[in-house]
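**Q** This is the structure I have questions about; it appears just below.
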Amino acid sequence: MLEELRNKVWKANLDLVKYGLVKLTWGNVSGLDRESGLVVIKPSGVDYSQLKAEDLVILDLDGKVVEGSLRPSSDTPTHLELYRAFPEIGGVVHTHSCQATAWAQACRPIPLLGTTHADCFSSDIPCTPDMSESEIMGEYELNTGKIIVRTFRESSLKAMEVPACLVANHGPFVWGADCMKAVENSLVLEEIAKMAMLTLQINPEATMNPLLTQKHYMRKHGPNAYYGQESRELKV
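Counting in my numbering, the sequence shown runs from -16 upward without gaps.
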């Protein structure tokens, strides 16, 4: 099971490069096996072109390394805090992708302005408040996770309905049911960040009909969702 997860997380990290979501070593993907409580994550500062599956680090939800000779990503405490707080998620992605990071640096949520956004996220993508001096100078990466969790709880947002958050002046953290879905959500986030920026340049007063938002989100994610194909068992 862990070997399968390690390979999956390795591929997900390489997909960040494939989709143009990272430059240099500015990003990381992790995946969690809920049954064992073990997390697989990219090692810190390793170039993607040299990254091998066996380089990935395995650790428990308390941050204790179980397997691996390299240091895990410096963002590991953030990933672990998200896993502890949101039991539905099985993969976390952090990037400094250009468009989403621009919104984070502006300390602005990404507004829901169109159906592309509503197909994947049920509301605006929130941005955290500024971190305090003690949060920054203390356990910074852990506190990054805590401020994301606090932002969601104070806004009554559901982690699986809005699987992304912008950290003010920093960048996006995105998650999903597994690491591959988290990468997909990261790609969508980057596209809707660009679309929102262009939309507001054309029309600063642009808004979205809430009924259209609900329609598009529910047709893909609601109890009576009808987007895509039904899975069918092979019958002989």
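Just so it is clear, CB atoms sit at the ideal spot from N, CA and C, and this is done for glycine as well.
Keep in mind it's a predicted model, so treat the numbers as computed, not measured.
May I ask you to report which of helix, strand or coil DSSP gives residue 40?
**A** Strand.
**Q** Figure out for me which residue from 70, 56, 182 and 64 has the closest Cα to the Cα of residue 78.
**A** The residue with the shortest Cα to Cα distance from residue 78 is 56.
**Q** Please report the straight-line C-alpha distance between residue 9 and residue 146, rounded to a whole angstrom.
**A** Rounded to the nearest angstrom, the two C-alpha atoms are 20 angstroms apart.
**Q** Do the region 149 to 162 and the region 124 to 131 touch if we need at least three Cβ pairs shorter than 8 angstroms?
**A** They touch, by the three-pair rule.
**Q** For residue 27, which residues in the same chain have their Cβ closer than 6 angstroms to its Cβ, ignoring the five residues on either side in sequence?
**A** Counting only Cβ-Cβ distances below 6 angstroms, and skipping sequence neighbours, we find 54, 56 and 57.
**Q** Name, in chain order, the residues that DSSP records as bridge partners for residue 176.
**A** Answer is none; residue 176 lacks a bridge partner.
**Q** Between residue 189 and the rest of its own chain, which residues show a CB-CB distance below 7 angstroms, the 5 nearest in sequence each way excluded?
**A** 96, 182 and 183, listed in sequence order.
**Q** To the nearest angstrom, how far is it from the Cα of residue 48 to the Cα of residue 75?
**A** In a straight line, the C-alpha of residue 48 is about 18 angstroms away from that of residue 75.
**Q** Is the beta carbon of residue 166 closer than 8 angstroms to that of residue -5?
**A** Yes, they are a contact pair.
**Q** Provide the residue(s) that pair with residue 93 in DSSP beta bridges, ordered along the chain.
**A** Per DSSP, 108.
**Q** Of the choices 164, 202 and 180, whose alpha-carbon is the least far from that of residue 71?
**A** When each option's Cα is compared against that of residue 71, the closest is 164.
**Q** Given residue 17, which residues of its chain have a CB within under 7 angstroms of its CB, disregarding the five upstream and five downstream residues?
**A** Counting only Cβ-Cβ distances below 7 angstroms, and skipping sequence neighbours, we find 73.
**Q** Using the Cα positions of residue -9 and residue -2, report the straight-line distance between them to the nearest angstrom.
**A** So the alpha carbons of these two residues sit roughly 10 angstroms apart.
**Q** Mark residue 213 as exposed unless 16 or more other C-beta atoms lie within 10 angstroms of its C-beta, in which case mark it buried.
**A** Counting Cβ neighbours within 10 Å, residue 213 comes out exposed, since fewer than 16 surround it.
**Q** On the criterion of 16 or more Cβ atoms from any shown chain inside 10 Å, does residue 82 qualify as buried, or is it exposed?
**A** Classification for residue 82: buried.
**Q** Do residue -12 and residue 14 have their C-beta atoms within less than 8 angstroms of each other?
**A** Cβ distance < 8 angstroms, so residue -12 and residue 14 count as in contact.
**Q** Tell me, to the nearest whole angstrom, how far the beta carbon of residue 25 is from that of residue 12; I am working on the premise that it is less than 8 angstroms.
**A** Indeed they touch by this definition, with Cβ atoms about 6 angstroms apart.
**Q** Let me check understanding here. Comparing Cα to Cα, which of 109, 32 and 22 lies closest to residue 88?
**A** Comparing Cα positions, the closest option is 109.
**Q** Taking 8 angstroms as the threshold (C-beta atoms), are residue 41 and residue 7 in contact?
**A** Contact: no.
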